[in-house]
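Enquirer: So for the sequence shown, this note's numbering puts the first residue at 194; every next one is plus one.
Every residue, glycine too, gets a C-beta built ideally from N, C-alpha and C.
As the structure is a prediction and not an experimental result, all values here were calculated from the model.
Following this message is one structure expressed as structure tokens.
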Amino acid sequence: WDPEVRIGGVILNKVASDRHEALLRDALDESGLPVLGVIRRAPQVATPSRHLGLVPVAERQSDAVDAVRAMGERVRAGCDLDALMALARTA
194 WDPEVRIGGV
204 ILNKVASDRH
214 EALLRDALDE
224 SGLPVLGVIR
234 RAPQVATPSR
244 HLGLVPVAER
254 QSDAVDAVRA
264 MGERVRAGCD
274 LDALMALART
284 A
């Protein structure tokens, strides 16, 4: 923990359900940090791996492009982009 680092909010990631989201929000309530977004669990945007590590993008380029697009849609739908941009302007 570094008191010099200002945390402006959080984005909940890999949220499995409405109940899971409520539990996370309750856990964060006392922190006073705003929840700027919720990104649901999404297997279609997972990065595949194998025994030697992650599969390189060069080996799965079209899948990687689709995954990035899908994640962009999830961020747009689940996050308050105006609040994120306002927060970014204060950095």
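Inspect the beta-carbon positions of Leu-247 and Ala-276 and report whether they are closer than 9 angstroms.
Expert: By 1-based counting over the sequence shown, the position of residue 247 is 54. By 1-based counting over the sequence shown, the position of residue 276 is 83. Going by C-beta atoms, Leu-247 is not nearer than 9 angstroms to Ala-276.
Enquirer: Along the chain, where does the beta strand (DSSP E) that runs through Leu-339 open and close?
Expert: Beyond the ends of the chain as shown, which are 194 and 284, falls residue 339; an answer cannot be given.
Enquirer: If you follow the alpha helix (DSSP H) that Val-285 is part of, which residue opens it and which one closes it?
Expert: Any property of residue 285 remains undetermined from this structure, which presents the chain solely from 194 to 284.
Enquirer: In whole angstroms, what is the alpha-carbon distance linking His-244 and Thr-283?
Expert: Counted from its first residue, the sequence shown places residue 244 at position 51. Counted from its first residue, the sequence shown places residue 283 at position 90. About 42 angstroms.
Enquirer: By how many angstroms is the C-alpha of Asp-195 removed from the C-alpha of Ser-224?
Expert: In the sequence shown, counting from the first residue as 1, residue 224 sits at position 31. In the sequence shown, counting from the first residue as 1, residue 195 sits at position 2. Taking the straight line from one Cα to the other gives about 15 angstroms.
Enquirer: How big is the Cα-Cα spacing for Asp-211 and Val-198?
Expert: Residue mapping note: residue 211 aligns to position 18 of the sequence shown, counting from 1. Residue mapping note: residue 198 aligns to position 5 of the sequence shown, counting from 1. Cα to Cα, the separation comes out at about 30 angstroms.
Enquirer: Quick one: what does DSSP say Gly-246 is sitting in, helix, strand or coil?
Expert: Start at 1 with the first residue of the sequence shown, and residue 246 comes out as number 53. Strand at Gly-246.
Enquirer: Among the candidates Gly-271, Asn-206, Ala-215, Arg-253, whose CA atom is the shortest distance from the CA of Ser-242?
Expert: In the sequence shown, residue 242 corresponds to position 49, counting from 1. The shortest Cα separation from Ser-242 among Gly-271, Asn-206, Ala-215, Arg-253 belongs to Arg-253.
Enquirer: Assess contact between the region 267-275 and the region 233-240, defined as three or more Cβ pairs (one per stretch) separated by less than 8 angstroms. Is contact present?
Expert: Result yes; three or more Cβ-Cβ pairs closer than 8 angstroms.
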